[in-house]
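J.:
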Amino acid sequence: MVDSNADVMAESMMESMVFGHGLAHWAAQRPDACAIEFRSESAAPARLSYRELYSLVLLAQQDLIERGLVAGDRIAWLGWNHPALIVLVHAAAQLGIAVVPLNYRLTAHELNHPLFDAQPKVLLIDTHLQTLQHALATGEIACEALSMERWWQTLLDRLAHISDAVPAPAVKSTGHLDHDLMVVYSSGTTGKPKGAVLTQRALWFNNLNSIHAHDLVSSDRVLVALPTFHVGGLNIMLLPALQVGAQVILMDRFEPAAFLNAISETKPTLSILVPAVMRALIAHPQWLNTPLDSLRMLNAGSSIIPDDLIAAIHARGVPLGQVYGSTETAPIAIVLRAEDALRKAGSTGLPAIYCDARLVDEAGPIHAAHQVGEIQIKGPNILRAYLNLPQATEQAIQQGWYATGDLAYRDQEGYYWVVGRARELIISGGENVYPAEVETLLEQHAAIAQAAVIGLPDHQWGEIVCAAVVLRPDTAAPTLEELQAFMHEKLARFKQPRRLFVLDTLPRTALGKVQKSVLCDQLNALVQAS
19 MVDSNADVMA ESMMESMVFG HGLAHWAAQR PDACAIEFRS ESAAPARLSY RELYSLVLLA
79 QQDLIERGLV AGDRIAWLGW NHPALIVLVH AAAQLGIAVV PLNYRLTAHE LNHPLFDAQP
139 KVLLIDTHLQ TLQHALATGE IACEALSMER WWQTLLDRLA HISDAVPAPA VKSTGHLDHD
199 LMVVYSSGTT GKPKGAVLTQ RALWFNNLNS IHAHDLVSSD RVLVALPTFH VGGLNIMLLP
259 ALQVGAQVIL MDRFEPAAFL NAISETKPTL SILVPAVMRA LIAHPQWLNT PLDSLRMLNA
319 GSSIIPDDLI AAIHARGVPL GQVYGSTETA PIAIVLRAED ALRKAGSTGL PAIYCDARLV
379 DEAGPIHAAH QVGEIQIKGP NILRAYLNLP QATEQAIQQG WYATGDLAYR DQEGYYWVVG
439 RARELIISGG ENVYPAEVET LLEQHAAIAQ AAVIGLPDHQ WGEIVCAAVV LRPDTAAPTL
499 EELQAFMHEK LARFKQPRRL FVLDTLPRTA LGKVQKSVLC DQLNALVQAS
């Protein structure tokens, strides 16, 4: 059992000065303890001990050196959940290299920008994504593309030929806390993704925030099925669990029956969900028959959690906490711990232990209870910068405070309650969609003169993408299916409109800007009337 005191953990981490030093500790202290149980749809569960996991990190470190990567370089990852990404992150940290996890749900066209922007020297790609792999191969990729499976098998083959002892490091670690460790892309208001640069320091303190938020200890078993190209899947529980010597049960992808079977078979103590996943689980026939007694807590994030989902989880006797944050905050910024889950159901909680939060409006910081303002976050966990975007960085971070664009109020006890988003971000099924990106593509259609995109409430997805369009003269309105086909090659499915409204005009301000709030009211009225 590890010491759960976050201050003691912080002091220990700062002495080693490189992210992920916990793997070396647990490889020495509990070498045979299971670090990762990997569950995929195509094979029996595979287990890696802490000795094996740390040995693979050292072997991967040697491989990266042999490929000529040095501190400051970047390596991209494109694939389903796999232990290879965990090994890659820790090996990269040792060398001061940054990992660029890419969303496999995007099209090859959409991936062009982050690959061009980040300029990785190597792209590790999952052969499950054969269609996407072929599309990328026919483009202009300026980096070496490697099969993730072949790379992983090479490491396993090398591991099989070493003794039971952990191999000696190939070189002395050259990484340190100020090196970049991740560049994570999320859509921006201009429609082009922005790469949030997270340092090793940011990820370390995010680990500490998680350890405190979840009372993580080495006896925990953490079930992870969210995609690890998101900071939510990778950073909220997975990496922090390995820091304290816990066991990670990693699923290659989420599927409701497989997830519920994993709960029955592995008896996890913790897991992280998003609303779309929660709804899929609750609607599944196995939900009420799956024993949840091993879970001491479930956590949820990515968007406002509907009350009915919270009630359904609590009805099964499991506290549902919340994590508020974003890619830019690594992501843990505000947390609702297990002991507050019932009495503060619906709140996102209090600032994380190594993070500060405040509300501001036009007049400055807000101190009164129940007054709505924008959430701002400050702490060692926030992004260093947006890659290659100094002006966007300056706008987002002022005097150390990151402006989230989200609106909330605090109650009398200081707990945060998120009420909406000041920006136009749509969160559908846990995926971020910025309207500008969709609108730009819609207006390239021959029949569409003007387009505006908003999110409307949806029982299953939280929000769905809805498009309101004004047609060009003498053109016929396209069907929704025709528009989706038009977008197929250039826009991920989750970004494509689920509803289409053809209007005579779009409501605009005197300066010509679309009034999204007015449009939202109009479209809601049309939905209710239909």
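Just so you know, we're using the working numbering here: the sequence shown kicks off at 19 and counts up by one. Glycine included, each C-beta is placed from N, C-alpha and C at the ideal position. If you're wondering where the values come from, they're calculated on a predicted model, not measured in any experiment.
DSSP three-state label for F37, please.
T.: coil
J.: Could you check the C-alpha separation between G432 and V487 for me, to the nearest Å?
T.: 43 Å
J.: Select from D492, R490 and Q514 the residue whose C-alpha is nearest the C-alpha of E500.
T.: For E500, the nearest C-alpha among the options comes from Q514.
J.: With a Cβ-Cβ cutoff of 9 Å, do D270 and S58 count as a contact?
T.: Cβ atoms of D270 and S58: closer than 9 Å.
J.: Which of helix, strand or coil does DSSP assign to R48?
T.: R48 falls in the coil class under three-state DSSP.
J.: Does the separation of the CB atoms of I104 and L234 fall below 9 Å?
T.: no
J.: On the DSSP bridge assignment, give the partners of T217 in chain order.
T.: D198
J.: My output table needs one value for G251: the three-state DSSP class, helix, strand or coil.
T.: helix
J.: Would you mind reading off the limits of the beta strand (DSSP E) that contains E449?
T.: E449 to V451
J.: Beta carbon of L257, beta carbon of V107: below 9 Å?
T.: yes
J.: Which same chain residues end up closer than 8 Å to A45 when comparing Cβ atoms and leaving out the 5 residues on each side of it in sequence?
T.: These residues qualify, in order along the chain: Y68, R69, L71, Y72, S73 and V184.
J.: Quick check on the DSSP output: the alpha helix (DSSP H) that includes T284 runs from which residue to which?
T.: P274 to T284
J.: In chain order, which alpha helix (DSSP H) runs of at least 4 residues are fully inside the stretch 146–196?
T.: 148–155 and 166–178
J.: By a C-beta neighbour count over all protein chains shown, 10 Å radius and 16 as the cutoff for buried, is A587 buried or exposed?
T.: The shown model of the chain, from 19 to 548, leaves out residue 587, and the question about it has no answer.
J.: Counting pairs of beta carbons, one from the stretch 428–443 and one from the stretch 477–494, are three or more of them closer than 8 Å?
T.: no
J.: Measure the Cβ-Cβ separation of P101 and I54 and say whether it is below 9 Å.
T.: yes
J.: Under 6 Å Cβ to Cβ from I328, same chain only, skipping five residues before and after it: list those, please.
T.: Apart from the 5 residues on each side of it in sequence, I328 sits with its Cβ closer than 6 Å to the Cβ of L338 and A363 in its chain, given in chain order.
J.: Give me the Cβ distance between K139 and D81, rounded to the nearest whole Å; I'm assuming they're in contact under 8 Å.
T.: Approximately 13 Å separates the beta-carbon atoms of K139 and D81; this is outside 8 Å, ruling out the contact.
J.: Is it buried or exposed, K531, if we count other Cβ atoms within 10 angstroms and call 16 or more buried?
T.: exposed
J.: Heavy atom of the ligand ATP less than 8 Å from the Cβ of K508, yes or no?
T.: Because no ligand of any kind appears in the structure shown, any question about the ligand ATP cannot be addressed here.
J.: For the putative contact between A330 and I300, defined by C-beta atoms under 8 Å, what is the C-beta separation to the nearest angstrom?
T.: 5 Å
J.: How would you label S535, buried or exposed, when you count the other beta carbons within 10 angstroms and need 16 or more for buried?
T.: Using a 10 angstroms sphere on the CB of S535, the tally of other CB atoms stays under 16, which defines it as exposed.
J.: Are three or more beta carbon pairs between the stretch 447–458 and the stretch 410–424 nearer than 8 Å?
T.: Because the criterion of three Cβ pairs below 8 Å is not met, the stretch 447–458 and the stretch 410–424 do not touch.
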